[in-house]
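Scroll down for the structure; my scribbles are underneath it.
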């Protein structure tokens, strides 16, 4: 299937691309080898107004700071997903920035008494799992709603780590579910038919109510070879999406999915070469880095693209479970939904990937490498999801967290 491509004017000298957006040591060393020859990411000498560049609409900062066009999509998706009015959905979106800050603060201050944070689907309140009354009082004082539970976040993480060690059946996934104070495991129909499934499920039963097993009709796969704008293999052998524009020193890079850079060496915008794959982390993680050949020609922007409007990306503050988020990709464009879980392990046919963000946001083949964002805060990179169309019951999508990529590589999002 072909997709529309924006051809530049014959008189234009730049390829203005607003890219859908932003293991220390070995990773940094791998990038350093490319930085020695990469051109600088300095400002272009072009003056005047560039009609080809999408307008960046002014907006407040924070996870709720969407441009007007994307805000409509986010409100509509949130209302449909939760069965609430668009007025109520808009109000929840407006409260997201404050609740994100409160959640981060409480997670840091509660220590071993904390058991995760989430946005209630029914009330929209910020909920916080706690294991004692003192912590509950602190949560109430911060303006959030406590829920007394039996397991703290360390207990849940220990269970998930154990599942990471024993689970390798394709079509399965698991993640900490703070709202249920358990680790939720999803088992596809294909995975349930695997000869190893019965023994594995017997082991899960031994965890009691610390593990919640759910059956799903969907199977999981990476969305390879078809973000914001499309990036293509030289010669047209495959297509993915770009995620975030980033820099290291004076060098420019594009962040995308690792299963994309694992398969493709040289990338183009459909006409001219953008750069070369410089780093791949897949499986285990799912991110890749492309070294930009000519930063002045590419003109990378601190924004994600949605048709003729650009959504600024100014940071990477992580929002709580239950928060509205949107993604951009070269196949399905901009779609929105909510965060279902963090630190998800999913077993693809190529191997297991840990630490992913799980959402109900629509993504399809070709969206791989696209960006997940909440307002002007980058969240992640499209990895994969359910096989089938987005209307399939139980559809989920998975994203590599952008903060992990930045920490591993030392890259910084373009400002």
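Numbering (mature numbering (1 follows the signal peptide of the UniProt record, and there is no 0)), first residue to last: -43 to -1, 1 to 372.
In this text, a Cβ means the ideal position worked out from N, Cα and C, and glycines have one as well.
- Under the DSSP definition of a beta bridge, residue 205 partners with 208.
- Rounded to whole angstroms, the gap between the alpha carbons of residue 259 and residue 58 is 22 Å.
- Under the DSSP assignment, residue 67 falls in the alpha helix (DSSP H) whose first and last residues are 43 to 67.
- For residue 217, no beta strand (DSSP E) encloses it; the enclosing alpha helix (DSSP H) starts and ends at 215 to 218.
- Rounded to whole angstroms, the Cβ separation of residue 339 and residue 136 is 25 Å, and the two are not in contact under 8 Å.
- Residue 281 carries a strand assignment under DSSP once its states are collapsed to helix, strand and coil.
- Only residues of its own chain outside the window of five on either side were considered, and among them 120, 140, 142 and 302 have a CB closer than 6 Å to the CB of residue 131, listed in chain order.
- Rounded to whole angstroms, the Cβ separation of residue 309 and residue 240 is 6 Å, and the two are in contact under 8 Å.
- Look at the region 86 to 144 and you find these whole runs of beta strand (DSSP E), each 3 residues long or longer: 102 to 105 and 129 to 134.
- A straight-line Cα-Cα distance of about 44 Å links residue 245 and residue 94.
- Taken through DSSP and simplified to helix, strand or coil, residue 70 comes out as helix.
- Here residue 342 is near residue 177, since their CB atoms are less than 8 Å apart.
- If you compare the alpha carbons of 170, 81 and 72 with that of residue 110, the shortest gap goes to 72.
- Here residue 325 carries a coil assignment [DSSP, helix/strand/coil].
- Annotation: the continuous beta strand (DSSP E) that includes residue 236 extends over 230 to 238.
- Here residue 354 really is in contact with residue 318; their C-beta atoms are around 5 Å apart, less than 8 Å.
- By the criterion of a C-beta distance shorter than 7 Å, residue 64 is surrounded in its chain by 71 and 74, once the five residues flanking it on both sides are discounted.
- Remark: C-beta atoms of residue 261 and residue 356 do not approach each other more closely than 8 Å.
- By the C-beta density criterion, residue 117 is buried, having at least 16 other C-beta atoms within 10 angstroms.
- The region 161 to 177 makes no contact with the region 283 to 290; the number of CB pairs closer than 8 Å stays below 3.
- The Cβ atoms of residue 203 and residue 252 lie no closer than 8 Å to each other.
- In its own chain, leaving out the 5 sequence neighbours on each side, no residue places its CB closer than 7 Å to the CB of residue 79.
- Per the C-alpha coordinates, the member of 147, 226 and 105 positioned closest to residue 304 is 147.
- Here residue 144 is buried: its Cβ has 16 or more other Cβ atoms, across all protein chains shown, within 10 Å.
- Taking residue 306 as the centre and dropping the five residues before and after it, the same chain places the C-beta of 127 and 178 closer than 7 Å to its C-beta, in chain order.
- Cβ-Cβ distances below 6 Å link residue 67 to 92 in the same chain, with the five nearest sequence neighbours on each side left out; the list follows chain order.
- When beta bridges are read from the DSSP output, residue 21 appears opposite no residue.
- Judged by DSSP secondary structure, residue 255 falls within the alpha helix (DSSP H) whose first and last residues are 252 to 255.
- In the DSSP assignment, residue 362 falls outside any beta strand (DSSP E) and lies within the alpha helix (DSSP H) extending over 359 to 366.
- With contacts defined as CB atoms closer than 8 Å, residue 172 and residue 149 qualify as a contacting pair.
- Remark: C-beta atoms of residue 188 and residue 226 approach each other more closely than 8 Å.
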